[in-house]
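Protein chains in written order, with my numbering: chain A, 105 to 227; chain B, 5 to 391.
A short worksheet on the structure shown next.
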Amino acid sequence: MYLVMHSTIYLHKVMKIENTQSQMRKGVLEYCILTLASSGEVYASDIISNLKEAKLLVVEGTLYPLLTRLKNAGLLSYSWKESDQGPPRKYYSLTPKGSLFCQELATTWHELTQSVNQITASK
Amino acid sequence: MNKIIQINLAGQAVSIDEIAYQSLANYLRSLQNHFATTQDGDEILADIESRIAELFFSKIKKGNTFINTIDVSEAVSLMGTVEDIDIADEESEQAGTHKALPLGKKLFRDSEDRLLGGVCSGLAAYFNIDTSLARLGMILLMLFTGVPLLAYFILWAVLPATITLEDRTRMRGGNTTVNDIVNNVRRGASDVADSVKNEASIMAKKLKKNDKFWRTRKTVSTGLEQIIRFIAKILGAGILIVLVIVGIVVTIFILATAAGRFTAYFDSTGTSPILSIFSLNWMFSITLLSLILLPLGALCYTIILFIFNKHLRLNIKMLFIAWVLSLVIFFGVSMYAASDISIKSFKNFGDQLLERSVFEEVFFIKNQQNLKYNADTLHRDSGSLYV
C-alpha cells in the first residue's frame, strides 16, 4: 500500500524512430546555428526560418534555450537593435571563440559525412 | 461578447481578447514552470515573450484590431508547447548542466472541482479514481465511522490548493499537454460565461436592491472561508500534535502490555473482541505495524543515507500522511474494540446485578411471608419465575 503512495511518475524512454531522428538532428543543430551566425549579425527569427526550411527544427521554443546556452558558453554574443515591428531585437554574432569552435565542428562534420558515406556506399 | 484588455508583453502594449489572454497567460506560466530550473530561464522566457509580441504586432499590422484566441494558438503552435521543447531539451539534461527531477505526483486540493474543500477530488485525481466514487466513499465512511470527518479537516488544512495549470497536472501525475491547455482555455471560456451570467443576475437585482449588499456579501463569504481555513489549520495542527503524542504513548503501552494483561483478559473472557472480527483484526495489525515501522524505517533510511552521504530523496510528506492515516484507522479500530469490550463487561456486570437483586427479592419474600408487602409486578413476576 505504501509503495503505491511513494511512487513518482518517471517518463520511460521507449526506443522510437522519432527519438533517434531527433537525436541525429540535435547533434548537428549547434553546428548549424553557429554556421548561420558566422555570416554576421543575425536575428533569431532568421535563424529559425533557415532551420525550419532545412527541417532541422519544428518549434521555435527549442531555439531560445540553445541560443542562451551557446551565449553562456561564450560562443555567441548579441547586441540589441530597435525594431519597428515591436520590441527591440537581439542580433547574434559569433565570438572569436565561437568561430574557432565552428571551424572545429566543420572539420568533424566533414569527417563524419565521409565515414557515413563510406559505410552506406559499401553496403 | 468578450472584454478586450491591454497587456504589457515584452514592454509593448497589446490589445487582447480576455479568453485569448487567459490561454496566453497559461501558456507562459507553463513555460515559466518549465524553465524555472534552467540556467538563465528568465532570459529564455523573455526571448520567447518578445518573439510572441513580435508575432502579435505583425497580426495587428495586417489589420487586426486585437489579438484573439486563434492568434494565440497560432503563436503557441509556432513556439511549441512545453512537451515539444522538452524533447529538444533532453540533450542538455544528459550533458549534466542541470538535471530536472521527474515531475512527482503530488497531493492537492482541487480548487476547480470541489463541493466543500476539494479534498475528495484531489484524492481521486491522485489515486486515479472517479471523483464521485471518492466522494461517495468518504460520505459512507463518515456516516458509519465518523473518523474521516477528522481526516477530511486535517487534509483540508494541510493540503495546498491547485493554483496553476502545472499544479493541476502534477495532481494527476503527468506532464502538461496541449490537451490540458485546450481544456484550460475551455474552462476559462466557461468561467467568463459564468461571470457574465453573474453580472446579469446582479444587474437584475440591482433594480430591486442596493448594489452594495451584493458586493459585501461576496467579500464576506470569501473572508469567512479564509477564517474557517485558518481555524481549521490551527485546530488540525493541535489535533495532529496530540494525536502523534497519544499515538506514540498508546503504541508503547500496547506493546508493553500486549503480552501480559490483555492476553490474560482475553483468556478469561474467551476470544478477544478484536480478534473475533476478521476485518478489524487485519486492519488492527497492519495499522499497528505501520505505526511502528514507518517512523522506524524512515529513521533507519535517513541514517543510512546520512552515513553514506547520499542525497535525501525520501518522500517525508507521503510517509507522514501514511502514518497519520494508519494512526487514524488504528484509533478507529481500537475505539470500536474498546467500546465493544466495555459494552460486554457492562452487560456482564448488569446481569450480575440483576441476578443479585432478583435473588434478594426472592429471599425477602420467602422470609417475610407474614408481612403484607405489595411489591411491584415486575419483581413479583421475576420472583415467581425463579421460584
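Heads up, the beta-carbon is just placed ideally off N, CA and C, and yes, glycines get one too.
(message) Using C-beta distances below 7 Å, list every residue in its chain close to A/S203, excluding the 5 sequence neighbours before and after it, in chain order.
(response) S142
(request) Check each candidate in B/I231, B/G251, B/K63, B/L82 and name the one with the smallest Cα separation from B/L292. (result) B/G251
(message) I need the DSSP call for A/K185, collapsed to helix, strand or coil.
(response) strand
(request) Report the option in B/A165, B/V254, B/S34 whose CA atom is closest to the CA atom of B/K110. (result) B/A165
(request) Enumerate in chain order the residues of its own chain whose CB-to-CB distance from A/Y195 is below 7 Å, with the five nearest sequence positions on each side excluded. (result) E145, V146, Y147, Y182, S183, K185
(message) Does any residue of chain B have a CB that is nearer than 7 Å to the CB of A/E164?
(response) yes
(request) Give the DSSP-derived three-state secondary structure of B/A14 in the structure shown. (result) coil
(message) Distance check for B/A57 and A/R193, CA to CA, integer angstroms please.
(response) 11 Å
(request) Would you tell me roughly how many angstroms separate the C-alpha atoms of A/G131 and B/A14, rounded to the nearest one? (result) 32 Å
(request) Return helix, strand or coil for B/D21, following the three-state DSSP convention. (result) strand
(request) Might you give, ordered along the chain, the residues of its own chain that have their beta carbon closer than 7 Å to the beta carbon of A/T112, omitting 5 neighbours on each side? (result) At A/T112, the pLDDT of 41 sits below 50, so the modelled position is not reliable; the number obtained from the coordinates is stated separately. Around A/T112: no qualifying Cβ.
(request) Taking all protein chains shown into account, decide if B/G84 is buried (16 or more other Cβ within 10 angstroms of its Cβ) or exposed. (result) buried
(request) Taking only the alpha-carbon atoms, compute the straight-line gap between B/A268 and B/W327 and give it to the nearest angstrom. (result) Below a pLDDT of 50, predicted positions are generally treated as unreliable, and B/A268, at 48, falls in that range; no measurement from the model is reported.
(message) Give me the residue from B/P299, B/V80, B/L35 with the minimum Cα distance to B/T255.
(response) B/P299
(request) Assign B/L120 to one of three DSSP states: helix, strand, or coil. (result) coil
(message) Whole angstroms are fine: how far does the CA of B/I243 sit from the CA of B/A138?
(response) 24 Å
(request) Have a look at the DSSP bridge pairing and note the partners of B/S328. (result) A quick correction: the sequence has Val, not Ser, at residue 328 of chain B. DSSP, once it has assigned bridges, lists no residue as partnering B/V328.
(message) For A/L133, tell me which candidate among A/P169, A/Q218, A/S226 has the shortest Cα-Cα distance.
(response) A/P169
(message) Residues of chain B with CB closer than 7 Å to the CB of A/T172, please, in chain order.
(response) D44, E47, I48
(request) Could you list the residues in the segment 142-154 of chain A with a C-beta less than 8 Å from some C-beta on chain C, going in chain order? (result) Looking at the structure shown, chain C is missing, and the protein chains on hand are A and B.
(request) Determine the direct distance from the alpha carbon of B/G141 to that of B/I278, and round the result to whole angstroms. (result) The pLDDT assigned to B/I278 is 48, lower than 50, so where the model puts this residue is not dependable, and the model offers no usable value.
(request) Would you please state the rounded distance, in angstroms, between the beta carbons of B/V76 and B/S34? I believe it to be under 8 Å. (result) Going by Cβ atoms, the distance from B/V76 to B/S34 rounds to 13 Å, so no, they are not a contact pair.
(request) Would you check if the distance between the CB atom of A/P191 and the CB atom of B/S136 is smaller than 7 Å? (result) no
(message) On the DSSP letters alone, give me the boundaries of the alpha helix (DSSP H) that A/L138 sits inside.
(response) 121-141
(request) Name the two residues that bound the continuous alpha helix (DSSP H) containing A/R173. (result) 167-176
(message) By the 7 Å beta-carbon criterion, what residues does the segment 58-76 of chain B contribute toward chain A?
(response) E58, F61, S62
(request) Have a look at B/T73, B/Q16, B/F157 and flag the residue whose alpha-carbon is nearest the alpha-carbon of B/N6. (result) B/T73
(message) What does the alpha-carbon distance come out to for the pair A/S187 and B/F157?
(response) 56 Å
(request) Give the straight-line distance between the Cα atoms of A/K175 and A/T217, rounded to the nearest whole angstrom. (result) 27 Å
(message) In this structure, how does DSSP classify A/K194 when only helix, strand and coil are distinguished?
(response) strand
(message) Just to confirm, is the Cβ distance from B/L302 to B/L323 under 7 Å?
(response) Leu is not the amino acid found at residue 302 of chain B; the sequence shown has Ala there. Yes, Cβ-Cβ distance for B/A302 and B/L323 is below 7 Å.
(request) Count the other C-beta atoms from every protein chain shown that fall within 10 angstroms of the C-beta of A/Q189, then say buried if there are 16 or more, exposed otherwise. (result) exposed
(request) Taking the CB atoms as reference points, tell me whether B/S115 and B/G121 lie closer together than 7 Å. (result) no
(request) Could you work out which residues of chain B lie near A/Q218, taking near to mean beta carbons separated by less than 8 Å? (result) Going along chain B, no residue has its Cβ under 8 Å from A/Q218, so there is no contact; the nearest lies around 24 Å.
(message) Please classify B/G67 as buried or exposed, where buried requires at least 16 neighbouring CB atoms within 10 angstroms.
(response) exposed
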